[in-house]
Amino acid sequence: MANKHKIAEPIYQKIAIDIASKIAAGKYKAGEKIYGRSMLAAHYAVSPETIRRAMFMLQDVGIVAIESGSGSTVLSAERASQLVSRFRNISTITELKKNIETLSEQQKKQQDDILDNVHQLLEYIEKFRLASPILPYEVKITQDCRFLGQMISEINFWQSTGVTVVAIRKGEELIVSPGPYALFEAGDVFIMVGPEDSHSKVQDYLYKD
Numbered sequence: 230m231a232n233k234h235k236i237a238e239p240i241y242q243k244i245a246i247d248i249a250s251k252i253a254a255g256k257y258k259a260g261e262k263i264y265g266r267s268m269l270a271a272h273y274a275v276s277p278e279t280i281r282r283a284m285f286m287l288q289d290v291g292i293v294a295i296e297s298g299s300g301s302t303v304l305s306a307e308r309a310s311q312l313v314s315r316f317r318n319i320s321t322i323t324e325l326k327k328n329i330e331t332l333s334e335q336q337k338k339q340q341d342d343i344l345d346n347v348h349q350l351l352e353y354i355e356k357f358r359l360a361s362p363i364l365p366y367e368v369k370i371t372q373d374c375r376f377l378g379q380m381i382s383e384i385n386f387w388q389s390t391g392v393t394v395v396a397i398r399k400g401e402e403l404i405v406s407p408g409p410y411a412l413f414e415a416g417d418v419f420i421m422v423g424p425e426d427s428h429s430k431v432q433d434y435l436y437k438d
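Numbering (the numbering used here), first residue to last: 230 to 438.
Okay, here's the thing in structure tokens:
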């Protein structure tokens with residue numbers, strides 16, 4: 230039987246969009262502090278680390294400024310509105326929540342959606358094979374990785390290796406286009422694309438002091 234993987238959008242991204250929608254709606258105003266990473270984590274039923282990644286995403290697009298030990302300051306409701314509008318072209322926050330509920334209740338539809346996404350990923354990878362010397366390959370993250378618990382962006386992964394992470398496999402779950410805030414966690418399998426000689430460079434970078 231073929232392996233089936235659950236396609237998942239990063240949770241931190243959903244939370245970032247939800248917070249941005251509240252800023253755009255005026256719940257948090259420019260200059261106001263957003264405190265309580267633990268409270269936000271409890272509200273969204275996620276870890277404080279997930280909230281941290283969501284706030285980093287908002288900071289990267291100029292919506293908030295993170296201040297160590299004193300929460301985050303709202304910078305721009307306009308940019309928050311722009312971010313929400315951009316994601317609304319794909320789906321509204323409500324629709325995303327409904328999609329999650331529907332996929333969990335309708336197993337057959339979920340499996341069909343999974344297969345469609347996996348086929349799209351395979352087609353995407355095949356295009357890389359045919360169009361250029363950039364080839365996809367997998368790298369398993371073990372306990373020996375020197376960047377465990379760190380985000381892709383924190384270690385300048387692309388700048389140091391010239392390799393792009395296109396997906397991450399976590400057990401039966403496949404996260405496509407994980408973005409710069411994905412963590413290096415033991416047991417995960419990173420699917421990467423890069424030049425033919427990049428595999429050894431990645432191994433050296435992740436596992437050699």
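Note that beta-carbon positions come from the ideal geometry of N, C-alpha and C, so glycine has one too.
Looking at the secondary structure, which residues open and close the alpha helix (DSSP H) in which residue i lies?
i, result
"V258", "Per the sequence shown, residue 258 should be read as Lys rather than Val. It is not in any alpha helix (DSSP H) - K258 carries neither H nor E in the DSSP assignment."
"S276", "Taken as a continuous stretch (DSSP letters only), S276 belongs to no alpha helix (DSSP H), as it is neither H nor E."
"I404", "Counting along the chain, I404 falls outside any alpha helix (DSSP H), though it belongs to the beta strand (DSSP E) covering E402 to V405."
Using the three-state DSSP reduction, which class does residue i fall into: helix, strand or coil?
i, result
"S429", "helix"
"V313", "helix"
"E383", "helix"
"Y264", "coil"
"V347", "helix"
"K235", "The pLDDT assigned to K235 is 48, lower than 50, so where the model puts this residue is not dependable; a value taken from the coordinates is nonetheless given after this. Strand, per DSSP."
"M230", "Caution is warranted here: a pLDDT of 42 is assigned to M230, below 50, making its placement in the model unreliable, and the coordinate value is therefore given only provisionally. In this structure, M230 counts as coil in the three-state DSSP scheme."
Beta strand (DSSP E) containing residue i: first to last residue?
i, result
"A396", "T393 to K399"
"A294", "V293 to I295"
"I420", "V418 to G423"
Residues in its own chain within less than 7 Å of residue i by CB, not counting five upstream and five downstream?
i, result
"A253", "A306, A309, S310 and V313"
"E296", "T302"
Sort the options by Cα distance to residue i and report the nearest one.
i, options, result
"H272", "L304, G260 and I244", "I244"
"S382", "I370, P407, E296 and K369", "P407"
"I404", "R281, F376 and I343", "I343"
"A396", "S389, D433, T390 and L412", "L412"
"V368", "L435, L351 and K337", "L435"
"F376", "Q349, K437, A283 and I240", "K437"
If you check the beta carbons only, do residue i and residue j fall under 8 Å apart?
i, j, result
"I370", "G416", "yes"
Between residue i and the rest of its own chain, which residues show a CB-CB distance below 8 Å, the 5 nearest in sequence each way excluded?
i, result
"G391", "G423, P424, S427 and K430"
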